[in-house]
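Shown next, in structure tokens, is the structure this report addresses.
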Amino acid sequence: MALLWRYRRCLPGVVVVCLSLGCGTTTPPPGRSTGNNLALTPAEDRRAQALAHYATAVSLAMTENATLALPEYRQAFDLDPANSALALWLAEMYRSRRDMTNALAVLDLATQANPTSGEPWVARGLTYRSNDDTTNAIASFQQALKLDPAHFGAVRALTEVYLFANDTNNVVALLDHSFRQKATDVNYWITLGDVHLLVIRQLPSLAPRLDRTRARQCYERALALTPNNPDLLARLGDAYMDENNFKAAADAYAKLIEIRPNIPQLRERLAAIYLKTEQRDKAIALYKELMKRDPLRFEFYNVLGELHEDAKKPAAALDYFEQSLKLNPDQSEVYLAVAELQRRLKQDAAVAQTLAAWKKKFPTDWRIPYFSTFYHNEKKDYAKALAAFADAETLAREAPQEVTLSAQFYFAYGAAYERTGDLDKAALLFGKSIAANPKLANAYNYLGYMWADKGTNLTEALANIQKAVELEPDNGAYQDSLGWVKYKLGKPAEALPALLRAIELLEKDTQREPEDRLEDAVVYDHLAEVQLKLGQTAAAIQTWKRALAIDPGNKDIAAKLQQHSASSP
20 MALLWRYRRC LPGVVVVCLS LGCGTTTPPP GRSTGNNLAL TPAEDRRAQA
70 LAHYATAVSL AMTENATLAL PEYRQAFDLD PANSALALWL AEMYRSRRDM
120 TNALAVLDLA TQANPTSGEP WVARGLTYRS NDDTTNAIAS FQQALKLDPA
170 HFGAVRALTE VYLFANDTNN VVALLDHSFR QKATDVNYWI TLGDVHLLVI
220 RQLPSLAPRL DRTRARQCYE RALALTPNNP DLLARLGDAY MDENNFKAAA
270 DAYAKLIEIR PNIPQLRERL AAIYLKTEQR DKAIALYKEL MKRDPLRFEF
320 YNVLGELHED AKKPAAALDY FEQSLKLNPD QSEVYLAVAE LQRRLKQDAA
370 VAQTLAAWKK KFPTDWRIPY FSTFYHNEKK DYAKALAAFA DAETLAREAP
420 QEVTLSAQFY FAYGAAYERT GDLDKAALLF GKSIAANPKL ANAYNYLGYM
470 WADKGTNLTE ALANIQKAVE LEPDNGAYQD SLGWVKYKLG KPAEALPALL
520 RAIELLEKDT QREPEDRLED AVVYDHLAEV QLKLGQTAAA IQTWKRALAI
570 DPGNKDIAAK LQQHSASSP
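Sequential numbering of the sequence shown, starting at 20, is according to the numbering used here.
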């Protein structure tokens, strides 16, 4: 009867022992005598003893404790020093006990028994590093890389040592050398990509000396080896995002969702990319899916509201914002969005209800009266608008957190006073608007035109309008103001080119709303007045006809046309 022992080396705690009884073999192994002689060769005997000590160690570890098992594991290793896995485990155990002497002794034996393996050298380097022996740690990691240039553990560990020593030259050299390897191990390229990111994050000053695309290239090489690796797709998507290559990032995340549909926040990340790349339809579809998966996330409703608002679908946008408020009423900005959409949709009663609910929830929010100013202006109730402006200014001044009212706020405030005929207060507020934003061309123009139209402060009016034109030379309204103030200054010949330029610019602008085009009639009226002043009566009559075609209900223009047509030969 033959008794064959097979001892498979593996990590401690996992031992495979095969006892075959009565195998029926007739050919003895080399060095084994025939007959009933069961004597083992010296090598077999050492392995058998190693196995026995190993089995004892496992038993002690399971029934007693690891400390009692350690000597047995060590004897198993001493009998079989080629068992690299056992050597690494023993070294780790010794390191955890701060027994560096035994840890290094085990690893020295392992390097001798496995002369072509870089693994024991890496463990040796880790041991020296944990003992603050940087010189020997570096030497050990370098030796590991000589034996195995694509050992990702050695690359990472050596990089970390160089970083700790602030040895930037060797960091750059090591990464360059590692990137040139012809490795086919996916873990190597993943680790190398991670190491590149680690270096740039820890030492941003090295960024100019490193190729920032290296991490992404490493991940791409790894993905070529394992095309559907979800961890890699996530890394690669993030790397594309860092490079602002949003399309490639979206492709990577979309593929990842196919493989791992339940990864938390992945859909949100992809949806954010669709928003950033203005892929509105894809973003809407994805946020609707997110909303179904988590119907209580009010943020999704807000994004969908904004997307539908951008898509010129105010009713749908309003519905999403209203649902968001039901889920979370503590959103002042969403009340503002709801009220604004209701105003656009001419839902006057709903606007009043929203403002009341907003005021009840946020009684000191200055934006509530500010918003109501637009509502009152539309109704031409300028007295209420002015009262609301004053209320908003007071609340902003008394707010617990400092509020800086914008140039646009004072511009709108000034316009409200101008509509009531109080030009002095209007001018004061336009001045505040300009002080808050010296590049707000609209404020210069409004102030200058207001004076020009009334025939007052014409020199200052001209200076303000010229500033507006300087800031926006291709604005047709500002060119009209320039021509009109020069006309009022008694310079019709200088006014004519500006007014002709104004009409040219306004006719080119096809993006304006129909109600805005009614203002063009005023520009034609100004041009006709200048033409009349220059003795071009026939041209003025034709210009007034064009003005009346734009605004048929304008009685002033109709009267001028009738008067001068009757007196014209």
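Don't be surprised by glycine CBs; every beta carbon is placed ideally from N, CA and C.
What would DSSP say about residue i, mapped onto helix, strand or coil?
{"i": "Ala418", "result": "coil"}
{"i": "Glu523", "result": "helix"}
{"i": "Ala129", "result": "helix"}
{"i": "Ala411", "result": "helix"}
{"i": "Asp99", "result": "coil"}
{"i": "His170", "result": "coil"}
{"i": "Gln485", "result": "helix"}
{"i": "Phe183", "result": "helix"}
{"i": "Ala335", "result": "helix"}
{"i": "Leu229", "result": "coil"}
{"i": "Pro223", "result": "helix"}
{"i": "Glu83", "result": "coil"}
{"i": "Gln284", "result": "coil"}
{"i": "Ala578", "result": "helix"}
{"i": "Leu364", "result": "coil"}
{"i": "Trp385", "result": "coil"}
{"i": "Pro61", "result": "helix"}
{"i": "Ala202", "result": "coil"}
{"i": "Lys564", "result": "helix"}
{"i": "Leu145", "result": "helix"}
{"i": "Arg536", "result": "helix"}
{"i": "Asp591", "result": "Residue coverage of the chain in this structure runs from 20 to 588, which leaves residue 591 outside it and unanswerable."}
{"i": "Lys510", "result": "coil"}
Is the beta carbon of residue i less than 8 Å from the beta carbon of residue j?
{"i": "Ala557", "j": "Ala547", "result": "no"}
{"i": "Leu194", "j": "Leu216", "result": "no"}
{"i": "Ala540", "j": "Ile576", "result": "yes"}
{"i": "Leu166", "j": "Thr135", "result": "yes"}
{"i": "Leu305", "j": "Leu326", "result": "no"}
{"i": "Leu315", "j": "Leu346", "result": "yes"}
{"i": "Ala95", "j": "Tyr73", "result": "yes"}
{"i": "Gly137", "j": "Ala110", "result": "no"}
{"i": "Phe340", "j": "Leu360", "result": "yes"}
{"i": "Phe160", "j": "Tyr207", "result": "no"}
{"i": "Arg286", "j": "Ile278", "result": "no"}
{"i": "Asp329", "j": "Arg299", "result": "yes"}
Return the CA-CA distance between residue i and residue j, expressed in angstroms with no decimal places.
{"i": "Leu294", "j": "Ala302", "result": "6 Å"}
{"i": "Arg114", "j": "Arg175", "result": "19 Å"}
{"i": "Arg117", "j": "Gln131", "result": "23 Å"}
{"i": "Gly251", "j": "Leu182", "result": "It should be pointed out that residue 251 corresponds to Leu in this sequence rather than to Gly. Leu251 and Leu182: Cα-Cα distance of roughly 25 Å."}
{"i": "Lys403", "j": "His395", "result": "6 Å"}
{"i": "Lys307", "j": "Ile569", "result": "44 Å"}
{"i": "Leu145", "j": "Asp257", "result": "30 Å"}
{"i": "Val504", "j": "Ala356", "result": "39 Å"}
{"i": "Gly474", "j": "Ala480", "result": "9 Å"}
{"i": "Gly495", "j": "Ile522", "result": "7 Å"}
{"i": "Arg220", "j": "Asn456", "result": "38 Å"}
{"i": "Pro246", "j": "Arg240", "result": "10 Å"}
{"i": "Ser391", "j": "Asp367", "result": "12 Å"}
{"i": "Val191", "j": "Ala173", "result": "15 Å"}
{"i": "Asn155", "j": "Gln68", "result": "34 Å"}
{"i": "Asp8", "j": "Ile484", "result": "For residue 8 there is no data in the structure shown, the boundaries of the chain being 20 and 588."}
{"i": "Trp140", "j": "Gln284", "result": "41 Å"}
{"i": "Leu87", "j": "Thr75", "result": "10 Å"}
{"i": "Arg254", "j": "Tyr238", "result": "7 Å"}
{"i": "Leu40", "j": "Arg143", "result": "Note that Leu40 has pLDDT 25, beneath the 50 cutoff, so the model's placement of it is unreliable and the number below is only indicative. Roughly 42 Å separates the two Cα atoms."}
{"i": "Arg520", "j": "Thr562", "result": "14 Å"}
{"i": "Asp384", "j": "Phe393", "result": "16 Å"}
{"i": "Asp410", "j": "Gln342", "result": "30 Å"}
{"i": "Gln236", "j": "Leu222", "result": "20 Å"}
{"i": "Arg65", "j": "Ser78", "result": "20 Å"}
{"i": "Thr413", "j": "Ile282", "result": "49 Å"}
{"i": "Leu15", "j": "Tyr429", "result": "No answer is possible for residue 15: the residues shown for the chain start at 20 and end at 588."}
{"i": "Phe317", "j": "Thr153", "result": "53 Å"}
{"i": "Glu513", "j": "Trp470", "result": "19 Å"}
From the beta carbon of residue i, is the nearest beta carbon of chain C less than 8 Å away?
{"i": "Asp367", "result": "Considering every chain present, this structure includes no chain C. It has just one protein chain."}
Counting Cβ pairs closer than 8 Å, one from the stretch 506–513 and one from the stretch 486–498, do we hit at least three? Too few Cβ pairs lie closer than 8 Å, so no.
Three Cβ pairs or more, each shorter than 8 Å: is that satisfied between the stretch 82–101 and the stretch 118–137? At 8 Å Cβ cutoff, the stretches touch.
Do three or more CB pairs link the stretch 452–469 to the stretch 419–439 at distances below 8 Å? The count of Cβ pairs closer than 8 Å, one atom from the stretch 452–469 and one from the stretch 419–439, reaches three, so the stretches are in contact.
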